[in-house]
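Novice: Dropping a structure here in structure tokens format, bear with me for questions.
In the numbering used here, the protein residues as written are 114 to 635.
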């Protein structure tokens, strides 16, 4: 490796590491603000928060690295241009492509590592991150009973302690209100002690010198008014012990297998297996639908009006042909395609049981028999219609899941390639603007990152809705941004001054002169 390559790599790796850490930190702060209300006040130690941030930090690397490469390349080549180093390299006969080569090789290697990391490391981190987040969100706030305030976080109890001694164990002047369903109890004690047992699963309150008041409501509401008077009991005690279940205040341990079904937790091999399994299930539903129609309507097996095969019509219209599902595309699209079954085209099930039938003028026996037959046929038709509607919903859901899994499979590679695309944008643009630091590069990086983020969301949604194929949906942002990178590379090769005012003034003068000449000629 030549010295110039080492210098360029050294100038790039430092800003890249710094910007990547900053981007991950910003994304973590966004995550913390999202779940702050659910995580605050629950008594978690620093180790728990560190573990949570580590897992979610790994989770955010596929998003952070492309932005880090974009910003680092802008800063690096902006500094080189600002300090004249890029001009010196060009004057020494080194082309711009040769200057970009060592960092480009580094970015390609980093993209390959990022792909394998996303496929194996990030998926495992996602499983652990969301499992831990589920446990933390399910934990109740820490047991913190304050002086002079009723504490209602323990289900069924309200506790008030007028004084707590510094050891947080000895108590003075206690009031405990038990709101059990079968009775209501009020306990007043002069003093007591509070501690936990069985690894904090139970809270024990030892009470001294107090009274217990119990009200037993009358269960039989049919008794007379004078017999429905509740019974009151009062007992005194010198020592009493109350054991309360506080397991919900402890951090639970959810089995990771319960969350491993989600596509974000799976490698490409697992995604391919799930896609195949769901495809088999979808084909079974289509086959069941065809068999149901063949059984109930054998006269429609071959053709339908218009000459199209009826089985083909059922597959294309009711179940979808694999690329288009006209019914139940999404819960947000129900207004456009309400529960519509292909059976409606052939079955009129709106006849009421008591409606006038055409056999009314027949002989009584024949009319009664025909009416029974028609009613039975209508009943079967309605059942078939409901079955088909349910199968349409189920098949549409499965097709949507298949599309989501395919998008996730393609995104693993698309996110890795986006690092290369971002470098092709950032490096030439930095050489053009010739401004280092965190001013203009941050603004430009933010613009392209937002553009990348918005296009990625739109492409993903369109692919799920089958407006476009899943490959185009996953690669939409790269497809849109790659031309920008090639244009900037061409302009940097020509040493254009895209962000300098003189460039646009000269361009405007040329356009005005040409326009003026044309006017004079006419």
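All C-beta atoms, glycine included, are put in the ideal place defined by N, C-alpha and C. Here the structure is a predicted model, which means the values were calculated and not measured.
#1: Going by DSSP, what residue range makes up the alpha helix (DSSP H) through residue 564?
#2: Since residue 346 sits in a beta bridge, which residues does DSSP pair it with?
#3: Which runs of the alpha helix (DSSP H) at least 4 residues long sit entirely within the stretch 233-315? Give them in chain order.
#4: For a quick check, are the C-beta atoms of residue 537 and residue 598 less than 7 Å apart?
#5: Going by DSSP, name the residue or residues bridged to residue 356.
#6: Beta-carbon within less than 6 Å of residue 522's beta-carbon, same chain only, minus the 5 sequence neighbours each way: which residues are those?
#7: Apart from the five residues just before and just after residue 224, which ones in its own chain have a Cβ nearer than 8 Å to its Cβ?
#8: Regarding residue 598 and the ligand SAM, is the C-beta to nearest heavy atom distance less than 6 Å?
#9: Should residue 437 go down as buried or exposed, given a rule of 16 or more other Cβ atoms within 10 Å for buried?
#10: Among the residues of its own chain, which have a CB less than 7 Å from the CB of residue 349, if the five just before and after it don't count?
#11: Quick check for students: name the residue ranges of the alpha helix (DSSP H) that lie wholly in the stretch 153-205, counting only runs of 4 or more.
#12: Excluding the 5 residues preceding and the 5 following residue 178 in the sequence, name in chain order all residues of the same chain whose CB lies nearer than 7 Å to its CB.
#13: Roughly how many whole angstroms lie between the Cα atoms of residue 283 and residue 263?
#14: Would you mind reading off the limits of the alpha helix (DSSP H) that contains residue 373?
#15: How long is the line joining the alpha carbons of residue 589 and residue 406, rounded to whole angstroms?
#16: Kindly list the residues whose CB is nearer than 6 Å to the CB of residue 575, restricted to its own chain and excluding five residues on each side of it in sequence; keep chain order.
#17: Just the Cα atoms here: how many angstroms apart are residue 378 and residue 242?
#18: For the stretch 616-626 against the stretch 544-564, do three or more pairs of beta-carbon atoms, one drawn from each stretch, fall closer than 8 Å, so that the two count as touching?
#19: Would you report the Cα separation of residue 182 and residue 543, rounded to the nearest angstrom?
#20: Does the stretch 158-172 come into contact with the stretch 230-244, if we say contact requires no fewer than three beta-carbon pairs (one atom in each stretch) closer than 8 Å?
#21: Measure the CB-CB distance between residue 250 and residue 328 and report whether it falls below 7 Å.
#22: Going straight from the alpha carbon of residue 322 to that of residue 299, what length do you get?
#23: Taking residue 223 as part of the alpha helix (DSSP H), name the residues at either end of that continuous run.
#24: Could you tell me the alpha carbon to alpha carbon distance between residue 372 and residue 388, rounded to whole angstroms?
#25: Use the C-beta contact count for residue 506: other C-beta atoms within 10 angstroms, 16 or more gives buried, fewer gives exposed.
#26: Just tell me which of 578, 353, 539 has its CA closest to the CA of residue 320.
#27: Would you tell me roughly how many angstroms separate the C-alpha atoms of residue 555 and residue 188, rounded to the nearest one?
#28: Distance, Cα to Cα, residue 149 vs residue 190?
#29: With distances taken between CB atoms, is the gap from residue 138 to residue 185 smaller than 7 Å?
#30: Label residue 512 either buried or exposed according to how many other C-beta atoms from any shown protein chain fall within 10 Å of its C-beta, with 16 as the threshold for buried.
#31: Starting from residue 581, trace the alpha helix (DSSP H) in both directions and tell me its first and last residue.
#32: Count the other CB atoms within 10 Å of the CB of residue 390; is the residue buried (16 or more) or exposed (fewer)?
#33: Output the boundary residues of the alpha helix (DSSP H) element that contains residue 603.
Specialist: Quick look at the numbers:
#1: 553-577
#2: 327
#3: 235-251
#4: yes
#5: 317
#6: 381, 384
#7: 529, 530, 532, 533
#8: Questions concerning the ligand SAM fall outside what the structure shown contains, since it holds no ligand whatsoever.
#9: Note that residue 437 scores a pLDDT of 41, beneath 50, so its modelled location is shaky; the value from the coordinates is reported in the next line. Looking at its Cβ environment, which holds fewer than 16 other Cβ atoms inside 10 Å, residue 437 is exposed.
#10: In chain order, 324 place their CB closer than 7 Å to the CB of residue 349, counting only its own chain and leaving out the 5 sequence neighbours on each side.
#11: 159-172, 174-195, 198-204
#12: 133, 227, 532
#13: 17 Å
#14: Element bounds for residue 373: n/a, residue is neither H nor E.
#15: 41 Å
#16: 581, 586
#17: 10 Å
#18: no
#19: Computed Cα separation, rounded: 12 Å.
#20: yes
#21: no
#22: 14 Å
#23: 209-229
#24: Their backbone Cα atoms lie some 18 Å apart in a straight line.
#25: exposed
#26: It is 353.
#27: Rounded to whole angstroms, residue 555 to residue 188 spans 9 Å at the Cα level.
#28: Roughly 39 Å between the two C-alpha positions.
#29: Not closer than 7 Å, so no.
#30: buried
#31: It is not in any alpha helix (DSSP H) - residue 581 carries neither H nor E in the DSSP assignment.
#32: exposed
#33: 589-606
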